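First the structure, in the form of structure tokens, and then the observations on it.
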Amino acid sequence: MLCRRRILTLESLDNRSNAREGPAVCCLIPTIKMTDTRKKPRLSHANRNSQTGVFIGSQTNTTGPDGSFVDGAILHIAMKNFLTYDYAVVRPGPNLNMIVGANGTGKSSIVCAICLGLAGKTSVLSRGDKVGHYVKHGCNKGSVEIELFKSGGNVVINREIHVENNQSVWMLNGKHCSQKTVEEEVKALHIQVSNLCQFLPQEKVGEFAKMSKIELLEATEKSVGPPEMYEYHCELKNFRTKEREMENVIKERNSYLEKSRQRNERNKHDVNRYYEKKRHLDVIELLEKKKPWVEYETTRKELEDVKKERDEAKRQLSTLKQAQVPLLTKLQSIEEQRKPIETQMKAKNAAIKEVSLSCKQKQDQLDRIHKEIEHIKQAFKMKQTEEEDQRKRISNAKLTIEDLKAELAKVANQPDLTPRINAVNTELKHIQVERAKVEGEKADLRREKDNLCAELRMLERKLSDMNNMMNAKEEKLRGRHKDTHTALQWLRQNRHLFSGNVHEPMMLVINMKDHRFAKYVETHISFHDLRAFVFQRKDDMEKFMIEVRDKMNLKVNSISAPDMSCSTQPPSRNIESLRCFGFFTFLREMFDAPDEVMSYLCQQYKVHDVPVGNEQTKAMIRTVIEEPYLKVLYTTDERYTVRRSLYSKRINTSNTAVHPSQYLSIAVDAEAKRQVEQQKKVTQMRLRDIDERLNAMQKEVSLLDRRDNELLSEKKNLLDLNGKKRQLQQKISTKQDRLRQMENSGIDLRKIQEETNEKIAAANSRKTSVVAALMAQMKLRAKLSMEKVYLALGSVGLLAEKTKLEKDCREGASGLRSTDQRCSRLEERKILLTEQCKGLMKRAKSICRMQPDDVLPQDLQTVSAIILFNSFWGKNVLAFGQLPDTLDELDAMLNEERSRAECFTGLSKTVVDEYKKREQEIKQLEQELNDKNAALTAFRQNISEAKERWLNPLKQLVEQINDKFSDFFCSMQCAGEVDLHFENEEEYDKYGICIRVKFHKSSQLHELTPFHQSGGERSVSTVLYLMALQELNRCPFRVVDEINQGMDPLNERRVFDIVVRTACKERTSQYFFITPKLLHNLEYAQDMTILCVHNGAHMVPPNQWDEKAFMRRCLRRKAQT
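Numbering (our numbering), first residue to last: 105 to 1225.
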């Protein structure tokens, strides 16, 4: 195969090289298979005028032997003081440009120059947020110059970057301009450095697979679609938004119209009720006008009647006064006759009262004598009873003494009980000693039990605190990555499904020994691994991923531990040899983890070989980085990464800040937790042992108590038997003394009876004299009473006559008083009614709006006064003459009308006004809705036309991409397809491109996601999709940086063949493919350009480079081999 070659020489100075080593040079040379070397190569020369520091664009041919540059293709890139370069010029070819070089030589610097030189944002590169960061270290400014091919004349863009204020100076074709002008010129050439389908830097390779379907569609439209396709898409999305707004407006207006109609329909009934109520109110008003006149007329008639009744009462009063005089004269005569009789009756009453008092005194004296006799008899009976009781007590005392003497005789024959009592006392003392000893042991055990209970509570609190800390770590995991937390819950419920060890996410099983060091471990281990599940067996991991990723559709990470454990692998250097630099431990020693987790971390992150230092380490960092075997190290607040060149042995370092820990600072020492749990078990066992011993002692105490009670009972019985004889002797002596006293104190009943008879005879003698005096007084009282009766009979006759006369007088006086009172009431009533008449007249005139001296108008007295209610009803209201003439009828009618009016509640004039106003609004809304519906119909027609202009070409474009993409995958013995994805044809902002791939025959097509496919599979899918766009691409060039990282050799070779075939076809755009390596024996195309970037202290300076000599040496060396 014949290959056209390009040789590009670059002058570069690494910003990490020492000044004494001189400038570093990057040389780009071809690495090609050649079958014919006779064809003259097409060369691109670098500008050799590097001493002036000014970029001079060299004139190069823009047309190759079989093709030409397309508009917007890059002709040359010149960099000065940019990243790793002092000064360099790159002249790419029109087709495929392979930029090859080891890591750190400056390949990605060319990508950064393309992006920033074409007015791209720093966020596209993800290397630094400020443009000043891209200027070479130690320089105040740097510049990038890019020449773009254009049919009417090439475009040269120059950007000068100033570090001090992060500002840029732009020049377009040698003239100063603004950044916006450059952006417009770049856009006119269809260059889109922010589109991942056109410009894919190294830091964004992983983000391509993370693009959503919608983002991928928009990027594809911008990249390969016609210029108007993306505009049509945006226009359709805007149209759809406006359509939704119009639909919402129409919907709202329809809803408002319907509500207005419903409200008016409801209010129509209220309007009718309002007019009905107004008619009743008008009738009420007329009734209220007539009512005061009726009240006045009624009161005036009542006044006339009162006057007549008053005159009649005055006449009757005069007649009654004349009839009362004879009765009063006769009453006075009877009163004079009764006075002497009353005086005699009072004298008789006084005498009777005096005699009655004397009789009462004699009767009281007689009662006292009776009581005295009764008391004497009762005293004698008590003496008789007392004498009989004493005889019984003497008999009982003698019997008791005989019984006690018999019992004493029995007790005197029993043996001495003192030795047995002493033995019982001795045994009781022994039992007390034993019980005191047992109680002391029980008290010791209780104290020990209390201490163990306190210790157990403390251990339970410690375990609870440790479990709470684990829960806090789980809550943080759920807040940061909910899918992983869901998978964790599933694992805990289904752990029995796995045959090997399965560990929860690392952030949960890693326990820091000191939370201050958590920031180092968290900085060193990526979050993707911190949330990863660790498996001992690979088949368990595959089973887990099928369940949670494929079936549950969860985005989780999983890791298989190394087959051979690396957890105990020793470090390359002993920590003691590093203490002189301030290092005090390795990362592995800062935490505990299960063996499989630690093994993975030692293999993948070399935690056993990463030392951690202090401020002394930071102060000695220049010396530290020169130490061998140190690749990654930590100081107090920074992480240092050390790289050594395999060629020049030069050291390159990078440092990043160590951020505070977010997850691992919550540390739970697993060993401490295990020890606490063990202590808890031991404590619980000791508590159970103490409880058993306490129960045994309690049984022993119960036995001692039972024996103690038995001995106490026996002792009591013995003491009772020993003291019984003495007690019996004392009782016999006491009873005999008492018997003698009772016999000496006898009673003489005969003498007492004689004294009693004498006292009764004396009392009876006094009783006879008192009875005689009482009989004489009673006879005198009877005589006085008869005389009093005769006088009372004469007084009663006079009193009866007087009572009859007084009754007649009272009847006459009562009629006289009632007639007088009636006259007074009638007079008062006349005055009141007169005032009421005047007031009612005034009120009636006021209600009828009349002057005080006016009379009732004629129109209120005749039927001719008709008040029309409203033409709406067509009814009339009655006049005064047709209304009732009585108050009862008038009140009844008024109450009836008021009741009817009150039935119409919640009505007002505003209801009628609102009804009429809303009727007008409804008509306007109906007209407005008709206009809006017509406008919406026309707008939908425009949308349909715009959809046809956009969707049909888009479907054709996606079909073409799918054909290319499927062919590429078929050539790799895999399967892939691209289709247009949408859920609703009318939701244009939800359209997207869906990529589905299959790399294994046994699997199904799966959508390309950041989680389902491996890194190499995602890279293959990404590059093949970009190659599918290559022939359709309207962009002038495409940049792909290190896309082949992570591919296996077979896929990398297949992808390389596809890239070469596709990018080297005629009429394709320029293609930049950056890679750190190439496989051996690859097939190369004739139109590709390979730029090999080398870097080192011993490179040939650009002004000493000899292309011909270099080619001769290569051919000679090849011939020799």
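In this text, a Cβ means the ideal position worked out from N, Cα and C, and glycines have one as well. Nothing here was measured: the structure is a model prediction, and the numbers come from that model.
(request) Mind checking which residues open and close the alpha helix (DSSP H) that includes His589? (result) Its alpha helix (DSSP H) spans residues Lys586 to Gln597.
(message) Could you give the first and the last residue of the continuous alpha helix (DSSP H) run that contains Asp1071?
(response) Looking at the DSSP string, the run of the alpha helix (DSSP H) that includes Asp1071 is Lys1013 to Ser1075.
(request) Flag this pair as yes or no: are the beta carbons of Leu634 and Glu608 separated by less than 8 Å? (result) no
(request) Determine the direct distance from the alpha carbon of Lys412 to that of Leu936, and round the result to whole angstroms. (result) 15 Å
(message) Please report the straight-line C-alpha distance between Met449 and Ala896, rounded to a whole angstrom.
(response) 7 Å
(message) Could you compute how far the alpha carbon of Met668 sits from the alpha carbon of Val762?
(response) Pairing Met668 with Val762, the inter-Cα distance amounts to about 32 Å.
(request) Can you say whether Ile218 is buried or exposed, counting buried as having 16 or more other CB atoms within 10 angstroms of its CB? (result) buried
(request) Can you check DSSP and say which residues form a bridge with Lys47? (result) This structure gives no information on residue 47, because the portion of the chain shown stretches from 105 to 1225.
(message) According to DSSP, is Thr689 part of a helix, a strand, or is it coil?
(response) For Thr689, the three-state secondary structure derived from DSSP is strand.
(request) Using 10 angstroms around the beta-carbon of Asp963, count the other beta-carbons present and answer buried if the total reaches 16, otherwise exposed. (result) Interpretation of Asp963 is limited by its pLDDT of 43, a score under 50 that renders its predicted location unreliable; no figure is taken from the coordinates.
(request) Could you please give the first and the last residue of the uninterrupted beta strand (DSSP E) stretch that includes Ile265? (result) If you look at Ile265, you'll find it in the beta strand (DSSP E) that goes Val259 to His266.
(message) Suppose the cutoff is 7 Å on Cβ atoms and the five residues either side in sequence are ignored; what does the same chain contact list for Leu682 look like?
(response) Pro715
(request) Enumerate in chain order the residues of its own chain whose CB-to-CB distance from Met333 is below 8 Å, with the five nearest sequence positions on each side excluded. (result) Glu325, Trp1054, Pro1057, Leu1058 and Leu1061
(message) Using C-beta distances below 6 Å, list every residue in its chain close to Cys1218, excluding the 5 sequence neighbours before and after it, in chain order.
(response) none
(message) Tell me the residue span of the beta strand (DSSP E) that contains Arg683.
(response) Run containing Arg683: none; DSSP gives neither H nor E here.
(request) Determine which residues share a DSSP beta bridge with Pro715 and list them. (result) Pro715 is bridged to Phe690.
(request) Determine the DSSP secondary structure at Ser837, reduced to helix, strand or coil. (result) helix
(request) Apply the 10 Å Cβ neighbour rule to Glu1121 and answer buried if 16 or more other Cβ atoms are within range, or exposed otherwise. (result) Buried: at least 16 other Cβ atoms inside 10 Å.
(message) Bridge partners for Gln1174 per DSSP, in chain order?
(response) Phe1141
(request) Could you tell me the distance, in whole angstroms, from the CA atom of Gln441 to the CA atom of Pro430? (result) Annotation: Gln441 to Pro430 spans about 18 Å, alpha carbon to alpha carbon.
(message) Going by DSSP in three states, Asn1185 sits in which element: helix, strand or coil?
(response) coil
(message) By the three-class DSSP mapping on this structure, what secondary structure does Ser213 have?
(response) helix
(message) In this structure, how does DSSP classify Ala223 when only helix, strand and coil are distinguished?
(response) coil
(request) Taking Leu691 and Tyr624 to be in contact with their CB atoms under 8 Å, please state how far apart those CB atoms are, rounded to whole angstroms. (result) 6 Å
(request) Please confirm whether Ile1047 and Glu347 have their CB atoms less than 8 Å apart. (result) A Cβ-Cβ contact shorter than 8 Å links Ile1047 with Glu347.
(request) For the beta strand (DSSP E) holding His1085, just list the boundary residues, first then last. (result) Ala1079 to His1085
(message) Cutting at 6 Å between CB atoms, please list the residues of its own chain near Leu304, excluding the five before and the five after it.
(response) Val1144
(request) Pull up the distance between the alpha-carbon of Phe1103 and that of Lys722, whole angstroms please. (result) 49 Å
(request) Would you check if there are 3 or more beta carbon pairs closer than 8 Å linking the segment 1003 to 1022 to the segment 374 to 383? (result) yes
(request) Measure the beta-carbon distance from Tyr704 to Ala665 and round it to whole angstroms, keeping in mind my assumption that it falls under 8 Å. (result) 5 Å
(request) State buried or exposed for Thr209, treating a residue as buried only when at least 16 other CB atoms are found within 10 Å of its CB. (result) Around the C-beta of Thr209, 16 or more other C-beta atoms lie within 10 Å, and the residue is accordingly described as buried.
(message) Contact defined as beta carbons within less than 8 Å: I believe Lys394 pairs with Leu987. What is the distance between those atoms, to the nearest angstrom?
(response) 5 Å
(request) Kindly list the residues whose CB is nearer than 8 Å to the CB of Leu453, restricted to its own chain and excluding five residues on each side of it in sequence; keep chain order. (result) Per the sequence presented here, residue 453 reads as Asn, with Leu not at that position. Hits under 8 Å: Lys892.
(request) Confirm, please, whether the CB-CB distance from Tyr744 to Ile725 is below 8 Å. (result) Tyr744 sits close to Ile725, with the two beta carbons spaced by under 8 Å.
(request) Could you name the residues of the same chain whose beta carbon sits closer than 7 Å to that of Arg414, not counting the 5 residues immediately before and after it, in chain order? (result) Cys927, Leu930, Glu931 and Lys934
(request) Using a threshold of 8 Å, state whether the C-beta atoms of Phe637 and Leu595 are closer than that. (result) yes
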